[in-house]
Amino acid sequence: MKKYLFAGLSAAVLAVCVSGASAQTQLNRNEIINSLQGAQQKVDVSADELQKAAFENIQKYPGANSPGNLPLWDKLASLRQFNVEITFDINSARIRPESYETIGLIADALHTPYLQGQTFFVVGHTSADGPRDFNLELSIKRAKSVRDALVTTFRVPGEYLEAVGLGEEQLRDPSKPDAQINRRVQLINVGYR
Amino acid sequence: MRRMIFAFATSILLVSTPAAFAQTVGFAEAIKILSASCGADINKYCKSATLANNGIGQCLDQNQAKVSQKCNADRAVVATLIQERLAAQAAAPKICQRDAAQRCKGVKPGAGHILRCLLKAQRSVSKKCNTAIDLAGYR
């Protein structure tokens with residue numbers, strides 16, 4: 001699988017590009033822009049507060065699964081946002097090559113005037129598979145890894161990106177806690193700061 | 001500059017981009033080109049490198065003597081094209097200033113409002129400004 005993207009695909013294959021074998025959904029830059037643009041209200045939640053809330057949630061409600069939404073989540077749920085699947089090596093923050101293009105698309109979107117100057121949370125989520133504290137730590141590393149890729153390789157100004165990991169504390173589909181749909185990186189536009 | 005991205009141009013780029021047209025690329029396109037030109041080298045020399053700290057670019061730099069000629073050459077080309085795109089993005093607002101004043105009166109600056117207006121007004125926008133928008137990859 002690791003060889004998938006860099007295994008010497010020919011120019012011809014790339015030109016045709018959309019093959020049924022592609023592991024990634026066909027994303028495009030404008031889709032990302034459309035989901036993220038139009039920040040309206042001021043948001044009074046900092047990345048640090050959100051991160052802290054995830055740790056506190058585990059302390060306060062120990063057990064196999066989180067009881068529900070994080071207390072701060074209501075303030076973020078209505079903001080402009082975009083969910084994307086980025087694949088990593090197992091139990092690692094190393095981004096897999098098949099996701100490089102997706103991160104490049106996010107960077108291209110962030111480099112447009114529609115999104116420039118606004119701050120984004122880069123939020124990592126896992127499914128409920130595995131221990132909560134392990135998932136939380138892993139999601140923090142992965143969110144940082146995506147942020148770092150955007151800031152270094154893809155030259156997005158670092159002051160506009162904040163990494164947060166929420167582990168399995170804020171599932172996308174609580175009725176299926178172990179499902180793939182919960183594993184995602186979420187970009188949230190928290191507006192002009 | 002070469003370290004900036006582990007990047008690459010290939011025949012796709014050279015064949016599919018008409019010479020008269022905007023010659024810059026975005027990051028996603030650069031990655032696509034890279035995967036073709038440098039994929040085998042990355043698999044061979046940079047298996048554990050990460051994207052996060054520019055690791056792939058650094059690894060290809062360190063192995064420059066062993067990496068295929070095509071990969072080295074294309075990285076240099078794409079690095080230049082990306083640099084030119086970023087420069088075009090920085091320059092576009094100024095180049096389009098007069099067009100914006102003429103065609104987008106009353107449009108509130110910020111959040112891409114002016115760009116959206118200029119894109120809509122493409123036919124009456126100056127060639128210089130339209131080219132700047134093309135080079136910036138904003139269309």
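Sequence order for the protein chains is B and S. Going by my numbering, the residue at position 33 of the first sequence is 33; the numbering climbs one at a time, nothing skipped. Going by my numbering, the residue at position 48 of the second sequence is 48; the numbering climbs one at a time, nothing skipped. Note that the Cβ used here is the ideal one computed from N, Cα and C, for glycine as well.
Item, Value
"How would you list, in chain order, the residues of chain S whose beta-carbon sits under 7 angstroms from the beta-carbon of tyrosine 100 (chain B)?", "Ile31, Leu51"
"Chain S partners of isoleucine 95 (chain B), CB-CB under 8 angstroms?", "Thr50, Leu51, Ala52"
"Go ahead and pull the three-state DSSP assignment for glutamate 162 (chain B).", "strand"
"In whole angstroms, what is the alpha-carbon distance linking threonine 126 (chain B) and cysteine 59 (chain S)?", "30 angstroms"
"Distance cutoff 8 angstroms, beta carbons only. Does alanine 101 (chain S) sit that close to anything in chain B?", "no"
"With H, G and I counted as helix, E and B as strand and the rest as coil, what does DSSP make of asparagine 189 (chain B)?", "strand"
"At what residue ranges does the stretch 116–186 of chain B contain a whole run of the beta strand (DSSP E), taking only runs of 3 or more?", "119–125, 161–167"
"Any idea which residues DSSP pairs valine 84 (chain B) with across the strands?", "B:Val185"
"Check the C-beta distance from glutamine 186 (chain B) over to valine 146 (chain B) and give it rounded, since I have them as a contact under 8 angstroms.", "About 10 angstroms separates the two Cβ atoms, so there is no contact after all."
"Going by beta-carbon coordinates alone, are serine 37 (chain S) and aspartate 74 (chain S) separated by less than 8 angstroms?", "yes"
"Look at alanine 52 (chain S) and alanine 149 (chain B) and say whether their C-beta atoms are less than 8 angstroms apart.", "yes"
"Nearest to isoleucine 95 (chain S) by CA position, among S:Gln122, S:Ala40, S:Ile133, is which residue?", "S:Ile133"
"Taking Cβ-Cβ distances shorter than 7 angstroms, what residues in chain B pair up with glutamine 89 (chain S)?", "His111"
"Can you grab the Cα-Cα spacing for the pair glutamate 169 (chain B) / tyrosine 114 (chain B), in whole Å?", "31 angstroms"
"I'd like to know if glycine 26 (chain S) contacts chain B, where contact means its C-beta is closer than 8 angstroms to some C-beta of that chain.", "yes"
"Roughly how many angstroms lie between the CA atoms of lysine 139 (chain B) and valine 164 (chain B), to the nearest whole one?", "According to the sequence shown, residue 139 (chain B) is serine rather than lysine. Roughly 8 angstroms between the two C-alpha positions."
"Pull up the distance between the alpha-carbon of glycine 39 (chain S) and that of alanine 107 (chain B), whole angstroms please.", "21 angstroms"
"Report yes or no: is there a C-beta of chain B within less than 8 angstroms of the C-beta of tyrosine 138 (chain S)?", "yes"
"Roughly how many whole angstroms lie between the Cα atoms of asparagine 91 (chain B) and phenylalanine 134 (chain B)?", "9 angstroms"
"What do you reckon, are the CB atoms on aspartate 135 (chain S) and threonine 24 (chain S) nearer than 8 angstroms?", "Reading off the sequence shown, one finds leucine at residue 135 (chain S), where the question assumed aspartate. Yes, the pair counts as a contact, with Cβ atoms nearer than the cut-off."
"Hey, would you say leucine 166 (chain B) sits closer than 8 angstroms to alanine 54 (chain B), going by beta carbons?", "yes"
"With distances taken between CB atoms, is the gap from glycine 191 (chain B) to valine 45 (chain B) smaller than 8 angstroms?", "no"
"CB glycine 38 (chain B) to CB arginine 80 (chain B), shorter than 8 angstroms?", "yes"
"Within 10 angstroms of its Cβ, does asparagine 28 (chain B) collect 16 or more other Cβ (buried), or is it exposed?", "exposed"
"Just verifying my parser: in three-state terms, what is the DSSP assignment at isoleucine 90 (chain B)?", "coil"
"Between B:Ser66, B:Ile188, B:Thr87, which has its C-alpha nearest proline 131 (chain B)'s C-alpha?", "B:Ser66"
"By a C-beta neighbour count over all protein chains shown, 10 Å radius and 16 as the cutoff for buried, is tyrosine 138 (chain S) buried or exposed?", "buried"
"Can you check whether the C-beta of alanine 111 (chain S) is within less than 8 angstroms of a C-beta belonging to chain B?", "yes"
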